[in-house]
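Chains as they are written, first to last, in the numbering used here: chain A, 21 to 68; chain B, 141 to 437.
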């Protein structure tokens, strides 16, 4: 367990923000990838 | 519980470090080469997805390996800065991340490519985690011989992603990486012997001694050389690959002879062993690169 100081609180918030940003970017990239996979599958005339 | 009393959450860079990005480079490269030498072309998006899945699967295996070996990593200089032994991440986070990433990579491979590639990817992750990490690593000096199979799967997966099946060439590539692993790892183990001994890992130099390790490096290089030249000898590749394989394998063998015939002196810098280890990585890059160039010219 870490020290419950204001600095520690800020550090937690900063970590949470950076993790949320990275997660958002990954999810955005995943949406684009699924879209591109769907187009590729349609072009190939395959199911899914 | 207020935010101020919560433990510090791990940084996203620590999750990235869990995936062993440097090891992943070789895995991705051999997987890509396996896909590029396949006799059928694959849609670029689906090809990219297959390589992404191989990378994510390797990352998941690396994360689960670090989750299970946190205690060992803390005892070795080379690994004690990793997120878990350094106390920057809770073990549960590493476990959830590894399982989630592994499942995601297999499901995505199955949906975007085919079930054969997804099944081989799943086997490779499970093999690395259960057979190598959990079962063999702490029990036998042959750990990396059998465990080496896990790192040999990517060319097979790359090929299967493109064709939906396996054939002689990817099986030979699997065999090459499988037989390359013992000389590669034992060269490292020779100059990291004290680290492994401190952690209680029964690596061959620790258990059987240096002499035996040097002999084993020499012995494994013989079938490795045959596996390297076999694709050309069997007519599965052109002369370009054949010549590159012969020359680079001859250099590899010359370095192995040097390592196999010497013994460690007091104050030894272990230069031939370090050189063999570094060259062995370059060797695999060159030989797989030559395979692709040979296929595409």
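Ideal Cβ positions, reconstructed from N, Cα and C, are used throughout, including at glycine. This one's a predicted model, so the numbers in the text were calculated from it and none came from an experiment.
Can you grab the Cα-Cα spacing for the pair residue 287 of chain B / residue 326 of chain B, in whole Å?
13 Å
Spell out whether any CB of chain B is found under 7 Å from the CB atom of residue 51 of chain A.
no
For residue 218 of chain B, the three-state DSSP class (helix, strand or coil):
coil
Is the separation between the beta-carbon of residue 316 of chain B and that of residue 367 of chain B shorter than 7 Å?
yes
Please list, in chain order, the chain D residues whose beta carbon lies closer than 7 Å to that of residue 47 of chain A.
Note that chain D does not occur in the displayed structure, where the protein chains are A and B.
Members of the stretch 246-261 of chain B that neighbour chain A once the beta carbon cut-off is set at 9 Å
248, 251 and 252
Measuring only the C-alpha atoms, how far is residue 49 of chain A from residue 30 of chain A?
29 Å
Suppose you measure from the CA of residue 408 of chain B to the CA of residue 337 of chain B; what does that come to, to the nearest Å?
18 Å
Output, in chain order, the set of chain A residues within a Cβ distance shorter than 8 Å of residue 183 of chain B.
60, 63 and 64
Would you say residue 372 of chain B lies against chain A (beta-carbon separation less than 7 Å)?
no
Please confirm if residue 44 of chain A has its CB atom under 7 Å from at least one CB of chain B.
no
Cβ of residue 319 of chain B within 7 Å of Cβ of residue 306 of chain B?
no
Roughly how many whole angstroms lie between the Cα atoms of residue 237 of chain B and residue 253 of chain B?
23 Å
Can you tell which of B:401, B:361, B:380 and B:375 has its C-alpha closest to the C-alpha of residue 391 of chain B?
B:361
Cα separation between residue 141 of chain B and residue 147 of chain B?
Confidence is the limiting factor: at residue 141 of chain B the pLDDT is only 46, short of 50, which leaves the residue's position unreliable, though a coordinate-based value still follows. Spanning the two alpha carbons is a distance of roughly 11 Å.
Spatial neighbours of residue 370 of chain B within its chain, please: C-beta separation below 6 Å, excluding the five flanking residues on both sides.
312
What did DSSP end up calling residue 36 of chain A once you bin it into helix, strand or coil?
helix
Partner residues on chain A for residue 189 of chain B, Cβ-Cβ distance less than 7 Å
53 and 57
Closer than 9 Å at the beta carbon, the chain A residues around residue 196 of chain B:
The contacting residues do not exist; residue 196 of chain B stays about 11 Å from chain A at best.
Amino acids of chain B, ordered along the chain, whose beta-carbon sits closer than 9 Å to that of residue 37 of chain A:
Those within 9 Å of residue 37 of chain A in chain B number zero; the least Cβ separation is about 11 Å.
Give me the Cα-Cα distance between residue 401 of chain B and residue 260 of chain B, rounded to the nearest whole angstrom.
39 Å
Residue 293 of chain B - DSSP class collapsed to helix/strand/coil:
coil
Pick from B:271, B:194 and B:334 that is closest to residue 217 of chain B, judged by C-alpha positions:
B:334
Measuring only between beta-carbons, confirm whether residue 235 of chain B sits less than 7 Å from chain A.
no
In whole angstroms, what is the alpha-carbon distance linking residue 421 of chain B and residue 55 of chain A?
36 Å
Please classify residue 45 of chain A as buried or exposed, where buried requires at least 16 other C-beta atoms within 10 Å of its C-beta.
exposed
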